[in-house]
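Sequence lines, in order, name chains A and B.
Residue numbering for the first sequence follows our numbering, starting at 1 and increasing by one per position.
Residue numbering for the second sequence follows our numbering, starting at 1001 and increasing by one per position.
Presented below is the structure to which this report refers.
Protein chains: 2
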Amino acid sequence: MPTRKPKPTISDVAAAAGASPSTVSAALNGSWKRRRISEETVTRIQAAAAQIGYTANLQARGLRKSRSGLVGMILPVHENRFFASMSQSFEACARERGLCPVIASTLRDPKEEIRTVETLIAYAIDSLFIAGAADPDALSDICKAANVQHIYVDLPGKDAPSVVSHNYHGAEQLSRVIVDTMPTQSNPARAKPYFVGGLTTNIATSLRIDAFRTVVTDRLGQISPEQVIACGYAPGQTARELAALCDRLGGLPAGLFVNSLTAFEGALSYFVDLPPDAFEQSVIGCYDYDPFGAFLQFPVHMVRQNSDRLIQTAFELIDAGTTDPVLIEIEPDLIPPRTIYKGRFSEIG
Amino acid sequence: MPTRKPKPTISDVAAAAGASPSTVSAALNGSWKRRRISEETVTRIQAAAAQIGYTANLQARGLRKSRSGLVGMILPVHENRFFASMSQSFEACARERGLCPVIASTLRDPKEEIRTVETLIAYAIDSLFIAGAADPDALSDICKAANVQHIYVDLPGKDAPSVVSHNYHGAEQLSRVIVDTMPTQSNPARAKPYFVGGLTTNIATSLRIDAFRTVVTDRLGQISPEQVIACGYAPGQTARELAALCDRLGGLPAGLFVNSLTAFEGALSYFVDLPPDAFEQSVIGCYDYDPFGAFLQFPVHMVRQNSDRLIQTAFELIDAGTTDPVLIEIEPDLIPPRTIYKGRFSEIG
DNA sequence: CATCTGTGCAACATCGATTGTGCAAGCTGC
DNA sequence: GCAGCTTGCACAATCGATGTTGCACAGATG
Chain A
1 MPTRKPKPTI SDVAAAAGAS PSTVSAALNG SWKRRRISEE TVTRIQAAAA QIGYTANLQA
61 RGLRKSRSGL VGMILPVHEN RFFASMSQSF EACARERGLC PVIASTLRDP KEEIRTVETL
121 IAYAIDSLFI AGAADPDALS DICKAANVQH IYVDLPGKDA PSVVSHNYHG AEQLSRVIVD
181 TMPTQSNPAR AKPYFVGGLT TNIATSLRID AFRTVVTDRL GQISPEQVIA CGYAPGQTAR
241 ELAALCDRLG GLPAGLFVNS LTAFEGALSY FVDLPPDAFE QSVIGCYDYD PFGAFLQFPV
301 HMVRQNSDRL IQTAFELIDA GTTDPVLIEI EPDLIPPRTI YKGRFSEIG
Chain B
1001 MPTRKPKPTI SDVAAAAGAS PSTVSAALNG SWKRRRISEE TVTRIQAAAA QIGYTANLQA
1061 RGLRKSRSGL VGMILPVHEN RFFASMSQSF EACARERGLC PVIASTLRDP KEEIRTVETL
1121 IAYAIDSLFI AGAADPDALS DICKAANVQH IYVDLPGKDA PSVVSHNYHG AEQLSRVIVD
1181 TMPTQSNPAR AKPYFVGGLT TNIATSLRID AFRTVVTDRL GQISPEQVIA CGYAPGQTAR
1241 ELAALCDRLG GLPAGLFVNS LTAFEGALSY FVDLPPDAFE QSVIGCYDYD PFGAFLQFPV
1301 HMVRQNSDRL IQTAFELIDA GTTDPVLIEI EPDLIPPRTI YKGRFSEIG
């Protein structure tokens, strides 16, 4: 490529078609009817545009209209099946509306979240989807100051609409199946179910813990604080906590509720060193679904959040211009062990 | 929000600081030294900017400089651990350079790929990373016409630099471990290893098939065409092909090389209906790694592509301005069954 | 005192598209 | 035959930031 020819602009089309730039603009963006441009001129311009390979400069358009056609979403990590599903749903919905999705992961770091949101706003995104932020309300403040429509998915915020999974119901179902199918342990120390992973500052986590506590108390008469280990999401930390717990108990507890796939990955990195029969006296469940997680060496009950419905519902609210802090809850599904949910890409992938 | 105040612009800062817009621009973007603006004026302007909460409109800047600060990447699907890792690496590298990553999935649909690339170019992305396109060379043509720097990762293209995994080596290692540890089958029909998944039009797949063929021929003396089933990536299709194969053979083959995680998901959806002992007479491997996939009910050998190095190397080429079609191959790692690779987010996620 | 050399900043054109406004040609009606 | 209307389009301002050019003023020089 010795000579770099610049991309053709609207003026190039105008020259080629023998029309003015404003007429070309109208002809190409559909406003020609309103602007009383003759159909004949329009077809001539369209032909010229196609002929020289014109495509609009969306930055220029965005600048003029102060709408970019970009929609942003921030989420904690890509390497997590749940958030990956959110991305996939988000892309599909955005494209359906002729928008360009911009997905950013912020690693649950509040500073990074803020920096990222500011960057997205600087690109004049039309709206922002916030999926699991460490500090949801700080983001709302920024968006409000910049007048950017935004919505929470997965984790609710208080200053904007939220579409989230019904965390209590999901955790209730998972807790029940764990508690009700726990084997009776010879060692009483191991007879109790445990909850591991997540942070109590996270509203979703605290709802899930509530459900867990209620179910355990209901079924077993009591629960002690040490049965809830909200040690964060980092796999390494979960692995260490789990190792310490099993040391104390002399083996895996009869029931284990793992909160989130990242924590579950940590659990797995501890499990790999255990003998195969270590799992025989335990029932394990994980809030969030992964198709491979569903078919592990030991059976795992999983809760599948409906990312499609979460995102679609959120988009509908955005389309409707909702800015009031409503809260919509979507029911998740309990997936039995060794069952594969046949997702949307079963025939594409 | 009854009154919507527009975002402050450079002129607002100018007014607040008692300076001209051009001086403000210079003061804020660092070019003030070169433009002989006094340090005192600069600090005054910076104070004013901070005070009224100014942030640059990146669309306007992009329009003027004809560089947007956006870098694009297209990939087939988000819901796949390998591509999710690519996204994660890509984000990190982009942010390190002060760029904003835009990641789009195109579902291996050539038309969608083209549409998406055109959209990204319309937003004036500075460069494009192409991870696994159905029609790589068509995309190169578009990028060249628009003068957009681009690079292939994962799957090579012929008109631009490529950084890919050493598919042959990876597949060779995986094939060897499968063939060498296959149990001897009482039923001779099931004694042979099979390759399933992917498309022969995909260069990575065809290299992996080459390696598989060579290893099988080398170790077992021969290979028949029916041992390679390149039925695409769709999980559903893989499940059906596998079911048909096992019907014919009267059970799982002694060795199974599954090409790609999406195909493996399909395999899994067939496996769930098999009795637990069905896997005892088989060795299974998968090209691509998933931490949960590594700990399934049956042992699985996996090949982990080094997404960090792939992306980093690609970024270095882009930084260096390389446009010649070089090919760089990165060695992948063979991960033994029931081993968890401790990824970068072990302490964050 | 007149000229010369810097210094510090403002004015203005520009990027490419959108949009309010204006103007000429063609037509109607009386 | 002329006001008045419609039709079809061009002109020019605008979005916000950048960078080139040029101007005013200060101090230095002869």
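Cβ coordinates follow ideal geometry from the N, Cα and C atoms, glycine included.
Note that the structure is a prediction, hence the values are computed from the model and not measured.
- At a cut-off of 8 Å between beta-carbon atoms, Tyr289(A) makes no contact with chain B.
- Annotation: the continuous alpha helix (DSSP H) that includes Pro1235(B) extends over Pro1235 to Leu1249.
- Listed along chain B are Ile1340 and Lys1342, each with a C-beta nearer than 7 Å to that of Ser269(A).
- Boundaries of the alpha helix (DSSP H) harbouring Gln1088(B): Arg1081 to Glu1096, taken from the DSSP string.
- In the three-state reduction of the DSSP assignment, Ile1348(B) falls in the coil class, being assigned neither a helical nor a strand state.
- Contact residues of the segment 1073 to 1100 of chain B toward chain A are Val1077, His1078, Glu1079, Arg1081, Ala1084, Ser1085, Ser1087, Gln1088, Glu1091 and Cys1100 (C-beta to C-beta distance below 7 Å).
- Pairing Ser1105(B) with Val1077(B) gives a Cβ-Cβ distance under 8 Å.
- If you check the CB distance, Ala254(A) and Val215(A) do not come in under 8 Å.
- Pro193(A) is not a Cβ neighbour of Phe129(A), given a cutoff of 8 Å.
- With a cutoff of 8 Å on beta-carbon distance, Gly1197(B) and Ala1138(B) are scored as not near each other.
- Cβ neighbours of Cys93(A) within its own chain (closer than 7 Å, five residues either side excluded): Ile311, Gln312 and Phe315.
- Per the coordinates, the alpha-carbon of Ala234(A) lies some 37 Å from the alpha-carbon of Gln1149(B).
- Boundaries of the alpha helix (DSSP H) around Gly1170(B): Asn1167 to Thr1181.
- Proximity of chain B to Leu107(A) at the Cβ level (cut-off 7 Å) is accounted for by Ile1348, in chain order.
- Taking CB atoms only, Lys7(A) has a neighbour in chain B less than 8 Å away.
- Non-local beta-carbon contacts of Gln305(A) in its own chain, meaning distances under 7 Å to residues more than five positions away in sequence, involve Phe82, Ser165, Asp288 and Pro332 in chain order.
- Taking 8 Å as the cut-off, the beta carbon of Pro21(A) is found closer than this to the beta carbon of Ser11(A).
- The beta carbon of Ala1026(B) lies closer than 6 Å to those of Trp1032, Arg1035 and Ile1037 in the same chain, with the five residues before and after it left out.
- For Pro253(A), there is no enclosing alpha helix (DSSP H), as DSSP marks it with neither H nor E.
- When 7 Å is used as the limit between beta carbons, Thr1119(B) is near these residues of chain A: Cys100, in chain order.
- Under the Cβ distance rule, Leu63(A) counts among the residues neighbouring chain B, one pair being separated by less than 8 Å.
- When Cβ-Cβ separations below 8 Å define contact, Pro253(A) makes no contact with chain B.
- Not a single CB atom of chain B sits nearer than 8 Å to the CB of Gly157(A).
- In the displayed model, Ile45(A) falls within a helix according to three-state DSSP.
- When secondary structure is reduced to three states using DSSP, Leu1128(B) falls in the strand class.
- Not one beta carbon of chain B lies nearer than 8 Å to the beta carbon of Gly197(A).
- By the Cβ rule, the segment 180 to 195 of chain A does not count as touching the segment 155 to 163 of chain A, because fewer than three pairs are nearer than 8 Å.
- Listed along the chain, the chain A residues whose CB falls inside 8 Å of the CB of Asn1057(B) are Leu63, Ala122 and Ala124.
- Residues of the segment 1139 to 1152 of chain B with a Cβ closer than 8 Å to any Cβ of chain A, in chain order: Lys1144, Ala1145, Ala1146 and Asn1147.
- Remark: C-beta atoms of Ala278(A) and Leu249(A) do not approach each other more closely than 8 Å.
- About 14 Å separates the CB atoms of Phe1345(B) and Glu112(A); that is not less than 8 Å, and the two are not in contact.
- The CB of Gly293(A) comes closer than 7 Å to the CB of Phe1292 in chain B, given here in chain order.
- Looking at the DSSP output, Pro193(A) sits in a beta bridge with Gly255(A).
- At a cut-off of 8 Å, the C-beta of Glu265(A) has a neighbouring C-beta in chain B.
- Minimum Cα-Cα distance from Met73(A) among the listed residues Ala243(A), Gly62(A), Leu99(A) and Ala48(A) corresponds to Leu99(A).
- Taking a cut-off of 8 Å on C-beta distances, the segment 328 to 343 of chain A touches the segment 293 to 300 of chain A, as three or more cross pairs fall below it.
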